[in-house]
Structures are given as C-alpha cells and as structure tokens.
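Under my numbering, residue 229 is the last one in the sequence shown; the count climbs by one each step, no gaps.
Idealized CB from N, CA, C, for every residue including glycine.
Everything below concerns the one structure shown next.
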Amino acid sequence: FEIPAWVGRLPSRVGEPAGGSLSADEYKSLFTGPCVLIVSHLMTIVCCRVTKESQIPIIWDRFLDAATDEYQRAHKRYEKALAAWQRTAGTNKKVMQAVGGAETKKDGTLPPAPTAPVPRMQGEEVDLFLKLATALKLILASSGTDAGYHRGCDLLDAYLRGYREMVPNYHFALHTEPQLFDYGTVYDIWAFLVERLNKLFKDFNLNNWGGGQLEITMMCAF
Numbered sequence: 008f009e010i011p012a013w014v015g016r017l018p019s020r021v022g023e024p025a026g027g028s029l030s031a032d033e034y035k036s037l038f039t040g041p042c043v044l045i046v047s048h049l050m051t052i053v054c055c056r057v058t059k060e061s062q063i064p065i066i067w068d069r070f071l072d073a074a075t076d077e078y079q080r081a082h083k084r085y086e087k088a089l090a091a092w093q094r095t096a097g098t099n100k101k102v103m104q105a106v107g108g109a110e111t112k113k114d115g116t117l118p119p120a121p122t123a124p125v126p127r128m129q130g131e132e133v134d135l136f137l138k139l140a141t142a143l144k145l146i147l148a149s150s151g152t153d154a155g156y157h158r159g160c161d162l163l164d165a166y167l168r169g170y171r172e173m174v175p176n177y178h179f180a181l182h183t184e185p186q187l188f189d190y191g192t193v194y195d196i197w198a199f200l201v202e203r204l205n206k207l208f209k210d211f212n213l214n215n216w217g218g219g220q221l222e223i224t225m226m227c228a229f
C-alpha cells in the first residue's frame, strides 16, 4: 500500500505474537485501510481511467467454508465428549475415558466438563466489520457534519448490537453522538494523549526498581 507520510505505519507482522500489540493509531489505520480491502466482498479497480468490478481472493471468501467445516467437526467431537462426561457424571463408578481422553481423577471426582467450540470465522463478521470501519471513518474525521456524525454513530450502534452481549464499554460507546454534538470532534475530547503517555511509560527501563519508586519519580518530575 502507498499511504501518505503523515499516516502511521503498521508493523510488518500484524496478528502475530512477534509483531507485538498495536497502538490506538495503528488500529485506526488498520481498520480504515488495509483491512477494508481484505474483508470486502467486491472492490472497484480503477486503472488507466477504466473502472471495472473484480472479485478478489479475500480471506472470508477463501477460508470461510474450511472454517465452517472445522467448526462442525469440532462440534461433533464436543457432543460425543459431553455425552461421555454426562454418562460418567451419572454413574461415577468406573474409570473411563471422558473428555478428550482424560480419565476420572484418583479421588473419584470428574474432570471439568468439555468446553463448547467457538467458530473461528463467521459470515456475518464481514458486514459487522465494514460497519465499524465506516463508523470510524466518519466519527474520527478531523471535521464533520451533523449528518455524518449521525450516520457514523448509527453504524457504530449497529456494529455493537451485532454481538450477543452488551458489556459496559460497548454501552459507553453508544453515548458518542451527544458528545460529538456537545463538544466537537473527537480530537478535542479524547484521551489519546494520555494513552500515548501510558505507552511511553510502559516502555521505560525499570532497572529492577519496584514498589512504586518509578511512579513516585514520575509524579515529582511531571
């Protein structure tokens, strides 16, 4: 990708432990740029003033079927393991193979119940992600309109409600629209500077000091 010089660069190994964790700015660049091309079903290619639609081999198109088959096989194994565990729980008399080859313990207690598998990929994730990417593009603009903010917050609401459970952080994000109308752009009110300072502090060499000595030094210096 060719991007402007003022846009933050992404690590070369995104999604791998060796690549490290991403900062908030790197997440924003990833979600509003490369990831949109990776997950979108259809993209428009403009070349030599000729516009044409072309299907590209993207992650969900290439790997969703395999992930679905993998989940179905895992679910069948889970059902068998759960049935075996329930039989063992009902009788609790013989030492038998229960969950994934695990046996009852020597004291006669059962191993934990098998955990239900979780799908690695789901078809509806594409639509949810594109809603999030569009919402970020509209909400994080350096300047915007009431209509743009309203559209972005509606998409953010649809993205958050696409999950089965609403956690406190999600609920707080639903109050973004009135904050934008009351205080202006997110750059005027967000805590990005504080978060960046936290990142700098985490990278400090502690030199084996503990017990809050480094924090006291920082409070006195800043």
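(message) Whole angstroms are fine: how far does the CA of F188 sit from the CA of R158?
(response) 13 Å
(message) Let me check understanding here. Comparing Cα to Cα, which of G151, P126, I223 and C160 lies closest to D195?
(response) G151
(request) Could you check if C227 is buried or exposed, using at least 16 other CB atoms within 10 Å of its CB as the buried criterion? (result) exposed
(request) Report the rounded CA-to-CA distance for Y1 versus A25, giving the unit in angstroms. (result) No statement about residue 1 is possible, as the shown extent of the chain runs from 8 to 229 and does not include it.
(request) Have a look at L44, E23, R20 and R16 and flag the residue whose alpha-carbon is nearest the alpha-carbon of A31. (result) The shortest C-alpha separation from A31 is found at R16.
(request) Determine the direct distance from the alpha carbon of E131 to that of R168, and round the result to whole angstroms. (result) 13 Å
(request) Kindly indicate which three-state DSSP category S36 falls into: helix, strand or coil? (result) Assignment of S36 by DSSP, reduced to helix, strand and coil, places it in the helix class.
(request) List the endpoints of the continuous alpha helix (DSSP H) containing G159. (result) D153 to L167
(request) Excluding the 5 residues preceding and the 5 following T183 in the sequence, name in chain order all residues of the same chain whose CB lies nearer than 7 Å to its CB. (result) I146, C160 and L163
(request) Could you say which of A180, V193, V125 and A198 lies nearest to L139 if we only look at CA atoms? (result) A180
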